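Below is one structure, written out as structure tokens, with a few remarks after it.
Residue numbers (this note's numbering): 421 to 608.
Structure (structure tokens):
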């Protein structure tokens, strides 16, 4: 009748509100990460190289959700944001090591090879810690697991892919876009 209206509330309204907030927070997080990376490297190229690894983690998380037939939820979104941080950290370590070796006179290919080999153990340990720590939660089916399971699935899938692909992608991209050549002192 006139004067009455339908209002959806409860879980549906909460999900709609959370999705609206995520539509703002996720892009804002990515922009803030880019600002911090640009501030650190003073190079858009290096910042974009690090962010290339984020794409692989995103791909791994989406694959994991699809393989397990898990719906995207707020918990899954939090999982994506958390793996972005770990992948950015790994990318920063790689690019920073490549830059340091390259600026100290190593040829690009050698800088990339030495930097990749020296950081392989650290990157593997970071990734395996996240994967093995959340694997039980991603496989859980007990009461209450439906809240934590999407986050764990995203982290396990994203970190599994991000443990491997960025270790190839970032070095290859760095080889093609090495940055400024090292300055050599000229003695007269």
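Note that beta-carbon positions come from the ideal geometry of N, C-alpha and C, so glycine has one too.
In this text, all values refer to a predicted model and were calculated from it rather than measured experimentally.
- Spatial neighbours of residue 487 in its own chain (CB-CB distance under 8 Å, excluding positions within 5 residues in sequence) are listed in chain order as 577.
- Under the criterion of beta carbons closer than 8 Å, residue 598 and residue 528 qualify as touching, at roughly 4 Å.
- The residue from 557, 470 and 485 with its alpha-carbon nearest to that of residue 588 is 470.
- Setting aside the 5 residues that flank it on each side, residue 483 is surrounded in the same chain by 577 and 581, each with a C-beta closer than 8 Å to its C-beta; the list follows chain order.
- If you look at residue 431, you'll find it in the alpha helix (DSSP H) that goes 431-461.
- Residue 521 is not a Cβ neighbour of residue 536, given a cutoff of 8 Å.
- Residue 453 and residue 508 do touch by the CB rule: their CB atoms are close to 6 Å apart, below 8 Å.
- Just measuring C-alpha positions, the residue of 485, 547 and 594 sitting nearest residue 569 is 485.
- Judged by their CB atoms, residue 519 and residue 543 are not nearer to each other than the 8 Å cut-off.
- Under the three-pair Cβ rule at 8 Å, the region 492-502 counts as touching the region 439-450.
- For residue 569, the secondary structure class from DSSP, reduced to helix, strand or coil, is helix.
- Of the other Cβ atoms in all chains shown, 16 or more fall within 10 Å of the Cβ of residue 467; this residue is therefore buried.
- When secondary structure is reduced to three states using DSSP, residue 580 falls in the helix class.
- Nearest in C-alpha terms to residue 473, of all of 505, 531 and 538, is 505.
- Taking every protein chain shown into account, the CB of residue 432 has fewer than 16 other CB atoms within 10 angstroms, so this residue is exposed.
- When the five nearest sequence neighbours on each side are left out, the beta carbons in the same chain lying within less than 7 Å of the beta carbon of residue 575 are those of 499, 502, 503, 550 and 554, in order along the chain.
- The DSSP-derived three-state label of residue 598 is coil.
- Taking 8 Å as the cut-off, the Cβ atoms of residue 571 and residue 462 do not count as close.
- Taking C-beta separations shorter than 8 Å and ignoring five residues to either side along the sequence, the partners of residue 565 in its chain run 557, following chain order.
- For the region 509-534, there is no continuous alpha helix (DSSP H) assignment of 4+ residues that stays within its boundaries.
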